[in-house]
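Peer 1: The numbering used here puts the last residue of the sequence shown at 322; the count rises by one with no breaks.
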Amino acid sequence: MNRNNRSSSSQPAARDVPTTPVAPEGGRPVAPGPDVPVPPIAPEGGRPVAPGPDIPVPPIAPEGGRPVAPGPDIPVPPIAPEGGRPVAPGPIMPPAQGYCRVRFLHAAVGYAPLNVVVGGRMMANNLAFGELTGYRNVPDGFRTVVVRSGNGLLLRKNFPFKSGETITLAIVNAPSGIELAQINDIPCQNVSRSLSCLRVVNLIYDSQALDMNLYDGRTVFSDVRFKEATPFKTIRPGLYFFYITPTPLEADIETVEDISSDFPRPDVLVSFAADIGERSTYTVYLLGSVSPDSILKVLLVEDPR
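(1) Could you tell me which residues DSSP pairs with F243 in its beta bridges?
(2) What do you reckon, are the CB atoms on T247 and F238 nearer than 8 angstroms?
(3) Considering just the uninterrupted stretch of the beta strand (DSSP E) at T264, what are its terminal residues?
(4) Among all the DSSP beta bridges, which residues are the ones paired with T185?
(5) Measuring alpha carbon to alpha carbon, tell me which residue in D284, A145, I221 is nearest V315.
(6) Quick one: Cα of L256 to Cα of V155, how far?
(7) Does DSSP put N168 in a helix, in a strand, or in coil?
(8) Just to confirm my understanding: we take A268, look at its own chain, exclude 5 residues before and 5 after, and list those with CB closer than 6 angstroms. What are they?
(9) R216: buried (16+ other C-beta within 10 angstroms of its C-beta) or exposed?
(10) Answer with buried or exposed for G305, where buried requires no fewer than 16 other C-beta atoms within 10 angstroms of its C-beta.
(11) Counting C-beta neighbours from all protein chains within 10 Å, is the total for S311 16 or more, i.e. buried, or is it exposed?
(12) Identify which residue in V133, D284, G181 has its Cα closest to the Cα of P263.
(13) Would you list the one or two residues that DSSP bridges to E319?
(14) Quick one: is the Cβ of I312 within less than 7 angstroms of any heavy atom of the ligand SAH?
(15) In whole angstroms, give me the CA-to-CA distance for V119 and I203.
(16) Rounding to the nearest angstrom, what Cα-Cα distance links E196 and T150 in this structure?
(17) State the DSSP-derived secondary structure class of F146, mapped to helix, strand or coil.
(18) Taking the alpha-carbon of I114 as reference, which of S297, G181, S211, F258 has the nearest alpha-carbon?
(19) Would you mind giving the Cβ-Cβ distance between T185 and L122, rounded to the nearest angstrom? I have them listed as a contact below 8 angstroms.
(20) Using CA atoms only, rank isn't needed, just tell me which of R165, I261, L212 is closest to T298.
(21) Go through its chain and collect everything with a Cβ distance to S277's Cβ below 7 angstroms, but skip five positions before and after it.
(22) Looking at the unbroken beta strand (DSSP E) that takes in S213, where does it start and where does it end?
(23) Please report the straight-line C-alpha distance between V287 and I293, rounded to a whole angstrom.
(24) Please state whether DSSP places I252 in a helix, a strand or coil.
(25) What are the boundary residues of the beta strand (DSSP E) that includes S288?
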């Protein structure tokens, strides 16, 4: 027993020896060495990235787009909506101003020739009673209308002129002097090639309602009041004789034809002849006064179509 103990104690003691690292299962042995920085490993499916200094990365275009090179901030022109055309940048311009076509008629009994100024612009110079100017363009909006005669200022009024309208402004008698009567010059529509159009405007200040009749006694226009413009009616080309009489008379008619016969007629205020051409538009202006010392006047105007 003592012999065995001696034999065990006589073996030399073990020394601390470095152990070679063992590779993981399935791997290759790794030789020991100094600590070396390990380069970054690319993600699965990617390519290795070599280490280097920090470098700014250019912006990446969104999916489906093209790469965008970095650069200074540059203003971008506006992009037209889908389906539209590119719009070049530029100053904001106000919308184009429209115009109203207007002409003036002197229908004021007892007044000398008139001068008419609209917005500082002369529209009529020395306009006598019964005279009508041509059409002039007046910018859209409210404009000051000034009417003068040799005796001084007769009328100053702020009047609305509407873009696209064609009107006649008649200067007529009023209780306190004169006033403006607007007549809309709406063209005659849907007329056949062989017919023309006719209407009447009553500008006789002190008259009752009036009728316009043919020589045969038929009524063309009935119950026309002061400052009233009738609708257009069709009329065949030819020479007509009309009579202006007080209302009422026979029933109205829609189409005017020259059928002459002897019919009894009421008191006639004024009569006139009208030579109607083809495819034309006519307006009959009744002017003057029904007082005994005044004379009624008829102005037949062929209007542009």
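Built from N, CA and C at the ideal position, the CB exists for glycine as well.
Peer 2: If we stick to the structure as given:
(1) Per DSSP, none; premise fails for F243.
(2) Their beta carbons are under 8 angstroms apart, which means T247 touches F238 by this criterion.
(3) Note, T264: premise wrong, no beta strand (DSSP E); not H, not E.
(4) Residue pairing from DSSP places T185 in a beta bridge opposite R120, I200.
(5) Looking at the Cα atoms, I221 is the closest of the given residues.
(6) If you draw a straight line from the Cα of L256 to the Cα of V155, it is about 37 angstroms long.
(7) Three-state DSSP puts N168 in coil, outside helix and strand.
(8) Summary for A268: the model assigns pLDDT 46, below 50, so the residue's position carries little reliability; its value from the coordinates is reported in the next sentence. None.
(9) Under this definition R216 is a buried residue.
(10) With 16 or more neighbouring CB atoms inside 10 Å of its own CB, G305 falls in the buried class.
(11) Exposed, by the Cβ-count rule.
(12) Of the listed residues, the one whose Cα sits closest to P263 is D284.
(13) Y299, per the DSSP bridge assignment.
(14) The ligand SAH is absent from the structure shown, which contains no ligands of any kind.
(15) Here the alpha carbon of V119 sits roughly 12 angstroms from the alpha carbon of I203.
(16) E196 and T150 have their C-alpha atoms roughly 17 angstroms apart.
(17) It is coil, neither helix nor strand.
(18) The displayed chain sequence assigns Gln, not Ile, to residue 114. Ranking the options by Cα distance to Q114, first place goes to G181.
(19) Your pair T185 and L122 checks out as a contact, with CB atoms roughly 6 angstroms apart and the cut at 8 angstroms.
(20) Closest by alpha carbon: L212.
(21) Reliability of the predicted coordinates at S277 is poor, the pLDDT of 48 falling under 50, and the value obtained from them is presented with this limitation in mind. Within the same chain, and ignoring the five residues on either side of S277 in sequence, the residues whose Cβ sits closer than 7 angstroms to its Cβ are Y232, D233.
(22) From DSSP, the beta strand (DSSP E) with S213 extends over 213 to 219.
(23) Rounded to whole angstroms, V287 and I293 show a C-alpha spacing of 19 angstroms.
(24) Of the three classes helix, strand and coil, the one that applies to I252 here is strand, per DSSP.
(25) Secondary structure note for S288: its beta strand (DSSP E) is the uninterrupted segment 287 to 293.
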